[in-house]
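Position one of the sequence shown corresponds to residue 0 (numbering that gives the first Met the number 0), numbered consecutively onward.
Ideal placement from N, C-alpha and C gives every residue a C-beta, glycine not left out.
Below you'll find the structure, written out as structure tokens, and then a few comments.
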Amino acid sequence: MNERVEIPLLEGIKTQIVNPIITLLALGAFVMFLWGLVVFIWNAGDAEAQSTGKRVMLWGVIGLVVIFGAWSIVELIGSTIGVDPNQYR
Numbered sequence: 000m001n002e003r004v005e006i007p008l009l010e011g012i013k014t015q016i017v018n019p020i021i022t023l024l025a026l027g028a029f030v031m032f033l034w035g036l037v038v039f040i041w042n043a044g045d046a047e048a049q050s051t052g053k054r055v056m057l058w059g060v061i062g063l064v065v066i067f068g069a070w071s072i073v074e075l076i077g078s079t080i081g082v083d084p085n086q087y088r
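See the structure below:
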């Protein structure tokens, strides 16, 4: 029952398209979080600017959570249908 089914098209889509997109989105969300942190710290005396920094950090964290969830779903589907996640690494 543990036979691996070869599905080259799906494996290629996952490893060549989906994984790089998820990586770039995660990097963007992390940079967004860092930018919010810089804005928050840089504007220590301005409550409105600090609020903007907090909001940017919050959206960066939300983005990371959503991206991690998408990555988890992709990995779950891949392992369910037998796509080896390390084949093209």
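Can you tell me which of the three DSSP states residue i falls into?
| i | result |
| --- | --- |
| glycine 35 | helix |
| alanine 28 | helix |
| asparagine 18 | helix |
| glycine 81 | coil |
| glycine 59 | helix |
Since I believe residue j is in contact with residue i (beta carbons under 8 Å), could you give me their beta-carbon distance rounded to a whole number of angstroms?
| i | j | result |
| --- | --- | --- |
| glycine 59 | glycine 44 | That pair is no contact at about 23 Å. |
Under 8 Å between the Cβ atoms of residue i and residue j?
| i | j | result |
| --- | --- | --- |
| lysine 53 | phenylalanine 32 | no |
| lysine 13 | glycine 77 | yes |
Less than 6 Å between C-beta atoms, sequence neighbours within five positions excluded: which residues of the same chain meet that for residue i?
| i | result |
| --- | --- |
| leucine 24 | Ile66 |
| glycine 62 | Ala28 |
| valine 73 | Val17 |
Considering only residues of the same chain and omitting the five flanking positions on each side of residue i, which have a CB-CB separation below 8 Å?
| i | result |
| --- | --- |
| valine 64 | none |
| isoleucine 20 | none |
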